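Taking it in order: structure first as structure tokens, then the write-up.
Numbering (the numbering used here), first residue to last: 17 to 241.
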């Protein structure tokens, strides 16, 4: 006498495609009738029944077709959807792995994008600060602008005085022959100087607080009449 009693273990071995096909055949329906009723292309319903999932549209469309078809046949869609996912993962593991990888990479880039933009903004701000700082330092240490409108060049005259007219930078200190000359808010200046007989050396110098100065020299020859 046997000490053990054997029990049958029932396994639901039907695939999704087999469940769909057997259910339709049990209801004695044609694919063309169901396709027309659900407004789904017959080739997609046929692909579901044959397990040719590669022929289904990508994304959620294939799952939507399965859901509509399963509900129409009165099948439990949630369980069918799980079986569908399992079958796809077995039949197309590489494709699913690649899809998952792409989704992870896409998510990573979406998460990393704000950080990239933030770092780019910080880098741009630093660059702008360095450019501005360089501009300011150059402006401080570079010689000030200085132009002489009159006299334009060395000249001969019989006058005993001469008007010096020109322009420099507003913040520069202007000196003519060692004497400070005031400028207006735009750096314009005008100064009359006395001349002596013979050669007169006129030295016009503009200086900033820091940096090199800018000097222009005019030679004026005074002749006796």
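Backbone N, C-alpha and C fix where the C-beta goes; we use that ideal spot for every residue, glycine too. Model, not experiment: these values are computed from the prediction.
Same chain only: Cβ atoms within 8 Å of residue 64, ignoring 5 sequence neighbours per side:
By 1-based counting over the chain shown, the position of residue 64 is 48. Excluding positions up to five away in sequence, the list reads 32, 33, 36, 72, 81, 82 and 85.
CA-to-CA distance, residue 57 to residue 77, given in whole angstroms:
As a working note, residue 77 is residue 61 in the chain shown. As a working note, residue 57 is residue 41 in the chain shown. Separation of residue 77 and residue 57 (C-alpha to C-alpha, rounded to the nearest whole angstrom) is 12 Å.
Quick one: give me the first and last residue of the beta strand (DSSP E) that residue 47 is part of.
Counting from 1 along the chain shown, the entry for residue 47 is found at position 31. That residue, residue 47, is in no beta strand (DSSP E); its alpha helix (DSSP H) goes 47-54.
Beta carbon of residue 186, beta carbon of residue 173: below 8 Å?
The residue labelled residue 186 in the question sits at position 170 within the chain shown. The residue labelled residue 173 in the question sits at position 157 within the chain shown. No, Cβ-Cβ distance for residue 186 and residue 173 is not below 8 Å.
How would you label residue 224, buried or exposed, when you count the other beta carbons within 10 angstroms and need 16 or more for buried?
If you number the chain shown from 1, residue 224 lands on position 208. Result: buried.
Pairs of beta-carbons, one from the stretch 205-216 and one from the stretch 175-185, closer than 8 Å: are there three or more?
Contact holds: three or more Cβ-Cβ distances are below 8 Å.
Residue 166 - containing alpha helix (DSSP H), residue span:
As a working note, residue 166 is residue 150 in the chain shown. No alpha helix (DSSP H) holds residue 166; the beta strand (DSSP E) holding it covers 162-166.
Leaving out the 5 sequence neighbours to the left and right, which residues in its chain are closer than 8 Å to residue 26 when beta-carbon positions are compared?
As a working note, residue 26 is residue 10 in the chain shown. Any answer about residue 26 is weak, because its pLDDT of 33 lies below 50 and its placement is not dependable; what the coordinates show is given next. Taken in chain order, the list of residues that qualify is empty.
Since residue 223 sits in a beta bridge, which residues does DSSP pair it with?
For the purposes of this step, residue 223 is taken as residue 207 along the chain shown, with counting starting at 1. In the DSSP output, where bridge partners are listed per residue, residue 223 has 189.
Taking the C-alpha atoms as reference points, what is the distance between residue 164 and residue 213?
Here residue 164 corresponds to residue number 148 of the chain shown, with the count starting at 1. Here residue 213 corresponds to residue number 197 of the chain shown, with the count starting at 1. The alpha-carbon separation between residue 164 and residue 213 amounts to approximately 23 Å.
Are the CB atoms of residue 79 and residue 97 nearer to each other than 8 Å?
What you label residue 79 is simply residue 63 of the chain shown in a count that begins at 1. What you label residue 97 is simply residue 81 of the chain shown in a count that begins at 1. When the beta-carbon positions are compared, residue 79 and residue 97 come within less than 8 Å of each other.
Buried or exposed: which applies to residue 233, given that a residue is buried once 16 or more other Cβ atoms fall within 10 Å of its Cβ?
By 1-based counting over the chain shown, the position of residue 233 is 217. With fewer than 16 other Cβ atoms within 10 Å, it is exposed.
Rounded to whole angstroms, what's the CA-CA distance from residue 53 to residue 88? Just pull it up for me.
Counting from 1 along the chain shown, the entry for residue 53 is found at position 37. Counting from 1 along the chain shown, the entry for residue 88 is found at position 72. Computed Cα separation, rounded: 9 Å.
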